[in-house]
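What follows is a set of notes on a single structure, which appears directly below.
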């Protein structure tokens, strides 16, 4: 009997979705990306990002702290490219300066910014959500919660490694790759 390969799909997958890495999903090398747990060429992934954002009913882009805080000279041009991408596909921009899971409930009297990715997605009825500028160690948990609790198609654009918990994840993303996605979005419209 052959073992079937685990496939990441939109959820809800249950209260505790299995960790993608434990299910055999491996991070791709440079020039490649992840789609549903499978390694695909980067150019194919960039086209898929544009297609998903262009055809979504309620797309959203969630910039994380690595994009929100002006901590290096590379951030302003990247932030401007992300804003142009959001405008091209009509996506909501939902900043997530803190996307750690806050369970079992959020106390807005003490929380400075009570964003919880799953609750934010459910509240806004988001069907496709792109995350950019996230720390990998927090992104994995946030994306796993989303996969477990929502029916949202998640996309991750990462500065370094692909994030295995996103349904579609592109690594080594710079301004040029974001502009490529934006051009492809404009071709869909």
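In our numbering, the protein residues as written are 317 to 505.
Yeah, the Cβ is synthetic: ideal placement off N, Cα and C, and Gly gets one too.
The alpha-carbon separation between residue 381 and residue 413 amounts to approximately 5 Å. Taking 8 Å as the upper bound for CB-CB distance, residue 463 and residue 481 are in contact here, some 6 Å apart. The C-beta distance from residue 341 to residue 353 rounds to 4 Å, short enough to fall under 8 Å. Between the stretch 349-363 and the stretch 371-387 there are fewer than three C-beta pairs closer than 8 Å, too few to call the two in contact. In the three-state reduction of the DSSP assignment, residue 341 falls in the coil class, being assigned neither a helical nor a strand state. Closest by C-alpha distance to residue 476, out of 436, 397, 348 and 504, is 348. When rounded, the separation of the alpha-carbon atoms in residue 504 and residue 437 is 24 Å. Judged by DSSP secondary structure, residue 434 falls within the alpha helix (DSSP H) whose first and last residues are 433-440.
The beta carbons of residue 485 and residue 350 sit closer together than 8 Å. The residue from 495, 494 and 478 with its alpha-carbon nearest to that of residue 487 is 478. Exclusion of the five residues before and after residue 408 leaves 374, 375, 376, 377, 402, 440 and 442 as the residues of its chain whose Cβ lies within less than 8 Å of its Cβ.
Nearest C-alpha to residue 395 among 461, 465 and 450: 450.
In the three-state scheme derived from DSSP, where H, G and I count as helix and E and B as strand, residue 499 is classed as helix.
Distances from the CA of residue 458 to each of 434, 467, 495 and 336 were compared; the closest alpha carbon is that of 434. Residue 378 is bridged by DSSP to 447.
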